[in-house]
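Undergrad:
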Amino acid sequence: SSIANEDNRFMVGDAKQSIYGFRGASPELFLGYRARFEAEPDAGRTIFLSNNFRCDRQVIDGTNTVFSVLFGRGGSLPYTDADALVYSKRPEGEDTQTKLTLALIASGKEAQEDDAPESPEDEVNEAYTEADWVADKIHELLRSGTLRNGERLRPRDIAVLVRSAKNSAQAIAAALDKHRIPVYNTESKAFFENAEVLLMFSLLSVIDNPQKDVYLAGVLKSPLYHVTLDELVHIRMTYPSGSLCDALQTFVKETGFAKGRYFLDKLALYRSMAAGMPVDRFLWYLYQDTGILSLVYQKDHSAFAEDTDSAQMRANLMMFYEYARSFERGSFRGLYQFVLFIEDVIADKAKMPAGQLVDEDADAVRIITIHHSKGLEFPVCFVAGLGSRRSNADQRANINLDREGGIATLLTDDTRLVRINHPVRECVKQVISDRQAEEEMRVLYVALTRAREQLYLSASVRNPEKTVADSISTAGMLTPRLLRDQSTMLAWLLTAFAASPGGLDGLTICYPTGEEKEAAEVPETEVPTTAEPAQEDNSGITYAAAKRLIAKNLPFVYPHAAEVSLPAKTAVSDLIRAAEAEKEKPTDDKAPDEESPSEPLSREASREYARPRFLSDTEAPATAAQRGTATHVFMQFCDYRLLAANGVDAEIKRLLSDGFITAETAARIDRASLRTFTESALFARLQKAKDLRREVRFNLHMPASLYDPQAPEETRILVQGIIDCYFTEENGRVILLDYKTDHFSHAVLRDHKAAEAILRERHGFQLACYKDACEALLCRPVDEVRIYSFALGYDFSV
Numbered sequence: 015s016s017i018a019n020e021d022n023r024f025m026v027g028d029a030k031q032s033i034y035g036f037r038g039a040s041p042e043l044f045l046g047y048r049a050r051f052e053a054e055p056d057a058g059r060t061i062f063l064s065n066n067f068r069c070d071r072q073v074i075d076g077t078n079t080v081f082s083v084l085f086g087r088g089g090s091l092p093y094t095d096a097d098a099l100v101y102s103k104r105p106e107g108e109d110t111q112t113k114l115t116l117a118l119i120a121s122g123k124e125a126q127e128d129d130a131p132e133s134p135e136d137e138v139n140e141a142y143t144e145a146d147w148v149a150d151k152i153h154e155l156l157r158s159g160t161l162r163n164g165e166r167l168r169p170r171d172i173a174v175l176v177r178s179a180k181n182s183a184q185a186i187a188a189a190l191d192k193h194r195i196p197v198y199n200t201e202s203k204a205f206f207e208n209a210e211v212l213l214m215f216s217l218l219s220v221i222d223n224p225q226k227d228v229y230l231a232g233v234l235k236s237p238l239y240h241v242t243l244d245e246l247v248h249i250r251m252t253y254p255s256g257s258l259c260d261a262l263q264t265f266v267k268e269t270g271f272a273k274g275r276y277f278l279d280k281l282a283l284y285r286s287m288a289a290g291m292p293v294d295r296f297l298w299y300l301y302q303d304t305g306i307l308s309l310v311y312q313k314d315h316s317a318f319a320e321d322t323d324s325a326q327m328r329a330n331l332m333m334f335y336e337y338a339r340s341f342e343r344g345s346f347r348g349l350y351q352f353v354l355f356i357e358d359v360i361a362d363k364a365k366m367p368a369g370q371l372v373d374e375d376a377d378a379v380r381i382i383t384i385h386h387s388k389g390l391e392f393p394v395c396f397v398a399g400l401g402s403r404r405s406n407a408d409q410r411a412n413i414n415l416d417r418e419g420g421i422a423t424l425l426t427d428d429t430r431l432v433r434i435n436h437p438v439r440e441c442v443k444q445v446i447s448d449r450q451a452e453e454e455m456r457v458l459y460v461a462l463t464r465a466r467e468q469l470y471l472s473a474s475v476r477n478p479e480k481t482v483a484d485s486i487s488t489a490g491m492l493t494p495r496l497l498r499d500q501s502t503m504l505a506w507l508l509t510a511f512a513a514s515p516g517g518l519d520g521l522t523i524c525y526p527t528g529e530e531k532e533a534a535e536v537p538e539t540e541v542p543t544t545a546e547p548a549q550e551d552n553s554g555i556t557y558a559a560a561k562r563l564i565a566k567n568l569p570f571v572y573p574h575a576a577e578v579s580l581p582a583k584t585a586v587s588d589l590i591r592a593a594e595a596e597k598e599k600p601t602d603d604k605a606p607d608e609e610s611p612s613e614p615l616s617r618e619a620s621r622e623y624a625r626p627r628f629l630s631d632t633e634a635p636a637t638a639a640q641r642g643t644a645t646h647v648f649m650q651f652c653d654y655r656l657l658a659a660n661g662v663d664a665e666i667k668r669l670l671s672d673g674f675i676t677a678e679t680a681a682r683i684d685r686a687s688l689r690t691f692t693e694s695a696l697f698a699r700l701q702k703a704k705d706l707r708r709e710v711r712f713n714l715h716m717p718a719s720l721y722d723p724q725a726p727e728e729t730r731i732l733v734q735g736i737i738d739c740y741f742t743e744e745n746g747r748v749i750l751l752d753y754k755t756d757h758f759s760h761a762v763l764r765d766h767k768a769a770e771a772i773l774r775e776r777h778g779f780q781l782a783c784y785k786d787a788c789e790a791l792l793c794r795p796v797d798e799v800r801i802y803s804f805a806l807g808y809d810f811s812v
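When we follow my numbering, the leftmost residue of the sequence shown carries the number 15, and every step to the right adds one.
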């Protein structure tokens, strides 16, 4: 705008292909100009370049069908007649394919997000996977397929597009390899996650610093040195102190362990050579001396992965060598700097391309992400993984940022341990979700327009027929919100076709067996008739026998029903609440009075809720419970030595300045009670303790009957808690101590014995749990359990 004249500014671009929002791309810029030019014709003109000379008719028609719905109804992008693509290609041969082909493969499991971590279910080999279908179809095309000009279809004419390469690219490459189809896969996994590369890097790290136990254990257990896991465990248990290398040296010296001696001799040789050799020459020497390049070709290389391609492993090792050569180019830098460099690469999760078995220009099927395919075209395209759920990682972040929605973060409470959501963050998340949904629609647009002649779509879903039926139902009540909230590209495709005038007739759907059938042939749900049932069905079970079977099994009661409601893990406080609730249950001989509510209900009904702080003009005085909580927080973090030397006020000031407590907590601390504590006999006793432990966390298996009296006796649950303090005196006695800040009325405080009895009854169960946990931790009995009451100002035995 600053340098342009009135008639010399020309802009070109396609907002429908804006897919780099994570880099700041904003299609709203072009849309803003377009809206302005339509409103002010003198300001400029929009020229539509709608004629498409790349794609065949079925690709053009399918794209228009899908995006007249997605852009026209579900997003901010217009898709008028001027936006729609116009078929303008002059095909060299007869166009035999008239519809897009969509393969729906039954996976037996829910689709994951593109960036979700792999679950154990991903390791299960399905009977027929999406990768298998893609590979089978490519194999079929290469055997008999031709281009429009009559030339035979070759691997380089085919590309497989994936939204995310994390899981699907490797599976497709492996399936193609089974058919001996060459593959150029630039979307390989992280380079240093390959076992053979990680092994050589571990060896370099150990040579640089033998005190790195993790790398050393990996090298010893590798096929280079054949130390078994049992042998490693035996070495470490024999010499538990010091590093693993020191333990190995001592073990070899005393026992003559042959494998260990061989490794240590090699390690000494390697360390002396590494000191004066460039890292690339040294790495090549290691390749030769260890024989790793030959090792990966052995039939039994189970130390790596069973399905690993040996040629790919060698290619990765050679690529690692090339990285070392590049690192040493220009000047000598040495092993230490190279190890630091690789550690930084791994820590930063930087992408480094793996070794390629074929050249980029070779005759091979390409596997690339949709983002990398932008600007490219291929005669035949497969768009795979359409059943994967869209990622919502940005919405799950603690800080949500959008250029229009603003910034919102999760809030925290005073302890900074609890995160709290709020409506503003939900609004920002919705703006981000809508923006990401529209960008994913544009990503799909780019994917569908890469093919020149043939386009195949595939998705892995749990129930293909139900997926199709759900899309038909959604199309009948289509709204922008429903479209944006759909979680997969497959749902968008099916819904768009179902909502179009031609319906799903415009799409050829094939199912896991490979049998193609029109969408209209999707079987409908059978409606049961009211006729009398047949006396015998195809399985040979009579109607009477079926009724007897149902009558026998329908009343079945799950034998472990009592354990279903039990938690696997709970806290001591939850056990206390469960025990109190059990006490308050009415007995059989004394039913609750229906005229008057029970005590808990009366307490709830009479509770007075404090006025919110942001509505109050003045700060409300702290309650007794708040003062008790603040005092307990002080006891959690204070240093007894500094408390004795400097006093209560100085210690509070230190905790406040160091960030252990907030100013609000500091103001609520009961200083008088703490001064009484520092002057007590217990405090002097603590300072003389031989061993003092505070804030001891524990996890302990305890009988489930403590949580639910109806639970079986043998059932146990994991209970977690925090012991305030336990200490060991000079005579060896172990004392368990718990601080209590319970508030008492003046009447109760006049009778200390009555107050002690209340504390014993109120906290006896909790302290019994703490005692069991402490004895389990120490493997010895606890001699005494004591409570220090800040309200009473002294401690007493429980």
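Here a beta-carbon is modelled for each residue, glycine too, at the ideal position from N, C-alpha and C. Because the structure is a prediction, the values reported are computed rather than measured.
Could you check the C-alpha separation between L354 and S340 for me, to the nearest Å?
TA: Near 15 Å, if we compare the C-alpha coordinates of S340 and L354.
Undergrad: Out of I772, V748 and I564, state which residue places its alpha-carbon closest to the alpha-carbon of D756.
TA: Among I772, V748 and I564, the Cα nearest to that of D756 belongs to I772.
Undergrad: Among residues of its own chain, excluding the 5 on either side of R170, which ones have a beta-carbon nearer than 6 Å to its beta-carbon?
TA: Correct list, in chain order: D377.
Undergrad: Going by beta carbon distance, what residues of the same chain come within less than 8 Å of K151, once the five residues before and after it are set aside?
TA: Result list for K151: A117, F396 and Y470, in chain order.
Undergrad: Which two residues bound the contiguous beta strand (DSSP E) that contains Y753?
TA: Element bounds for Y753: V748 to K754.
Undergrad: Out of curiosity, what's the CA-to-CA distance linking A505 and I486?
TA: Computed Cα separation, rounded: 10 Å.
Undergrad: Given V662, which residues of its chain have a CB within under 6 Å of its CB, disregarding the five upstream and five downstream residues?
TA: Here the set comprises R685, L688 and R689.
Undergrad: For the alpha helix (DSSP H) holding C395, just list the boundary residues, first then last.
TA: Segment F392 to A398 is the beta strand (DSSP E) holding C395; no alpha helix (DSSP H) there.
Undergrad: Figure out for me which residue from R708, D519, Y525 and R747 has the closest Cα to the Cα of H646.
TA: When only C-alpha atoms are compared, the closest one is R708.
Undergrad: According to DSSP, what are the bridge partners of A197?
TA: This sequence places Val at residue 197; Ala is not what is there. Looking at the DSSP assignment, V197 forms a beta bridge with V379.
Undergrad: What would DSSP say about R708, mapped onto helix, strand or coil?
TA: Of the three classes helix, strand and coil, the one that applies to R708 here is strand, per DSSP.
Undergrad: Around the C-beta of Q701, are 16 or more other C-beta atoms found within 10 angstroms, so that it is buried, or is it exposed?
TA: Its Cβ having fewer than 16 others within 10 Å, Q701 is exposed.
Undergrad: Between D752 and C739, is the Cβ-Cβ spacing less than 9 Å?
TA: Taking 9 Å as the Cβ cut-off, D752 and C739 qualify as a contacting pair.
Undergrad: Which word fits M491, buried or exposed, when buried means at least 16 other C-beta atoms lie within 10 angstroms of its C-beta?
TA: Exposed: under 16 other Cβ atoms inside 10 Å.
Undergrad: Specify the secondary structure class of F741 as computed by DSSP and reduced to three states.
TA: Correct three-state label for F741: strand.
Undergrad: For A639 and A585, what's the separation of their Cα atoms in angstroms?
TA: Looking at the two C-alpha atoms, the distance is approximately 21 Å.
Undergrad: Would you kindly report the start and end of the unbroken beta strand (DSSP E) that includes I119?
TA: Residues L114 to A120.
Undergrad: How do the stretch 784 to 793 and the stretch 673 to 681 stand: do at least 3 beta-carbon pairs fall below 8 Å, yes or no?
TA: Not touching, per the Cβ criterion.
Undergrad: Take D653 as the anchor and find which of G642, T692, R641 and A681 has the nearest alpha-carbon.
TA: The candidate whose alpha carbon is nearest that of D653 is T692.
Undergrad: Could I get the ranges of all uninterrupted alpha helix (DSSP H) runs contained in the stretch 428 to 474, with 4 residues as the minimum, in chain order?
TA: Taking only runs of at least 4 residues, the alpha helix (DSSP H) segments lying wholly in the stretch 428 to 474 are 437 to 462.
Undergrad: Just to confirm, are T502 and R404 a CB contact at a threshold of 9 Å?
TA: Yes, Cβ-Cβ distance for T502 and R404 is below 9 Å.
Undergrad: Going by DSSP in three states, N22 sits in which element: helix, strand or coil?
TA: Coil, per DSSP.
Undergrad: To which residues of the same chain is A149 closer than 6 Å at the C-beta, ignoring the five residues directly before and after it?
TA: Same-chain partners within the cutoff: A189, L190 and H193.
Undergrad: Can you give the Cα-Cα distance for N163 and L507, rounded to whole angstroms?
TA: Each residue's alpha carbon lies about 30 Å from the other.
Undergrad: Please classify I172: does DSSP put it in a helix, a strand, or coil?
TA: Three-state result, I172: strand.
Undergrad: Starting from the C-beta of T160, find all residues in its chain whose C-beta is less than 7 Å away, skip the five residues before and the five after it, and write them out in chain order.
TA: If we look at T160 and ignore the five residues flanking it on each side, its Cβ neighbours are R166 and L167.
Undergrad: With T304 as the anchor, note down where its alpha helix (DSSP H) starts and where it stops.
TA: Start and end: V293 to T304.
Undergrad: In three-state terms, what does DSSP make of A338?
TA: Reduced to three states, the DSSP call for A338 is helix.
Undergrad: T522 and C69 look like a contact to me (Cβ under 8 Å); what is the Cβ gap, rounded to whole Å?
TA: Between C69 and T522 the Cβ distance is about 17 Å, and since that is not below 8 Å, they are no contact.
Undergrad: Buried or exposed: where does R641 fall if 16 or more other Cβ atoms within 10 Å of its Cβ makes it buried?
TA: Buried, because 16 or more other Cβ atoms sit within 10 Å of the Cβ of R641.
Undergrad: What first and last residue would you give for the alpha helix (DSSP H) that runs through C652?
TA: Neither: C652 is in no alpha helix (DSSP H) and is coded neither H nor E.
Undergrad: What do you get for V578, buried or exposed, if any count of 16 or more other CB atoms within 10 angstroms of its CB means buried?
TA: So V578 ends up on the exposed side.
Undergrad: Specify the secondary structure class of E135 as computed by DSSP and reduced to three states.
TA: In this predicted model, E135 has a pLDDT of only 40, less than 50, meaning its place in the structure is not dependable; the value taken from the coordinates is given anyway. Note: E135 maps to helix in three-state DSSP.
Undergrad: Go ahead and pull the three-state DSSP assignment for L167.
TA: L167: coil per DSSP, three-state reduction.
Undergrad: Which value, in whole angstroms, describes the spacing of the CA atoms of R776 and D227?
TA: Cα-Cα distance, rounded: 50 Å.
Undergrad: Among L45, F741 and F697, whose alpha-carbon lies nearest the alpha-carbon of G829?
TA: Look at the range of the chain in this structure, 15 to 812, and you will see that residue 829 is not part of it.
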